[in-house]
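Just below is one structure, and these are the notes that go with it.
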Amino acid sequence: MFLYDKVIVIDIEATCWEKGQIPENQKREIIEIGICKLNMSDGSIEDKRSYLIKPTQSEVSEYCTELTGITSEKLEKEGISFKEACSNIKNRYNSLQRTYAGYGGFDKSIMESQCKEFDVKFPFSETYLDLKVLISLMTGEKPIGLLKELQTRNIEFEGSNHNGADDAFNTAKLLYQVLKN
Numbered sequence: 001m002f003l004y005d006k007v008i009v010i011d012i013e014a015t016c017w018e019k020g021q022i023p024e025n026q027k028r029e030i031i032e033i034g035i036c037k038l039n040m041s042d043g044s045i046e047d048k049r050s051y052l053i054k055p056t057q058s059e060v061s062e063y064c065t066e067l068t069g070i071t072s073e074k075l076e077k078e079g080i081s082f083k084e085a086c087s088n089i090k091n092r093y094n095s096l097q098r099t100y101a102g103y104g105g106f107d108k109s110i111m112e113s114q115c116k117e118f119d120v121k122f123p124f125s126e127t128y129l130d131l132k133v134l135i136s137l138m139t140g141e142k143p144i145g146l147l148k149e150l151q152t153r154n155i156e157f158e159g160s161n162h163n164g165a166d167d168a169f170n171t172a173k174l175l176y177q178v179l180k181n
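Just so it is clear: in the sequence shown, position 130 is 130 by UniProt numbering, and no numbers are missing.
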């Protein structure tokens, strides 16, 4: 049975390098899944959290640490496997029975490709809401970044940019405003 009371909102942080240049023998890999639930009846946001993922095929660059605040040491100490994170999400958020959303297509595509590559069951339903595309369709304007979209709508960004849990939370605030108007 599909549930429509809440939308799961995600934001993915992945290993990254300056100027997008991936070093040899490394690949882009998820290091954080930020997630929360948006209650559609009143706009409240609950169960905001971050799953830190230990990378297996890449290292966290200095550039990536500057951008996200995530260090290799932090991942080694606090991180879990990608498979464990997906299992936790599925169980905690009932994510196979709910629409999930993100700001842009990157989050969905990297989740799908990493699940396929690591032979992990995809933890979300087939119903994805790309908020960036939705806003562009509604406004007829070219998509802009999350921070600029929030500023345009006078929504204050809470937390740290490029922190998965904070970005998911702010995306949820934006999603609720867009859908209620």
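Even for Gly, the Cβ is constructed at its ideal location relative to N, Cα and C. Bear in mind that the values here come from a model prediction, so they are computed numbers and not experimental data.
Residue i versus the options, residue with shortest Cα-Cα distance
i	options	result
G104	Q97, L175, Y4	L175
D5	D11, K27, M40, K132	M40
Q57	T99, Y63, E29, S44	E29
K148	M138, N161, G140	N161
F118	T99, R92, S81	S81
Residue range of the unbroken beta strand (DSSP E) whose run includes residue i
i	result
V9	3 to 14
S50	45 to 52
L129	128 to 130
T99	98 to 102
E78	Where E78 is concerned, there is no enclosing beta strand (DSSP E), although the alpha helix (DSSP H) it sits in stretches over 72 to 78.
E59	Where E59 is concerned, there is no enclosing beta strand (DSSP E), given that its DSSP letter is neither H nor E.
Backbone CA spacing between residue i and residue j [nearest angstrom]
i	j	result
F122	N25	26 angstroms
S87	G34	15 angstroms
L38	L129	13 angstroms
R49	K83	17 angstroms
K90	T171	20 angstroms
V7	L131	12 angstroms
D107	E73	24 angstroms
V133	P143	7 angstroms
D47	C36	5 angstroms
D11	Y100	11 angstroms
D42	G145	25 angstroms
G159	V9	16 angstroms
Residue interval of the alpha helix (DSSP H) (run including residue i)
i	result
D107	106 to 118
L67	62 to 68
Rounded Cβ spacing between residue i and residue j (contact assumed at less than 8 angstroms)
i	j	result
I53	G79	6 angstroms
I31	L75	6 angstroms
S61	R98	Not really, about 34 angstroms apart at Cβ, beyond 8 angstroms.
Does the pairing of the region 163 to 178 with the region 148 to 155 give three or more beta-carbon distances under 8 angstroms?
yes
Across the region 94 to 112 and the region 16 to 24, are there enough close Cβ pairs to call them in contact, namely three or more that are closer than 8 angstroms?
Contact fails: fewer than three Cβ-Cβ distances are below 8 angstroms.
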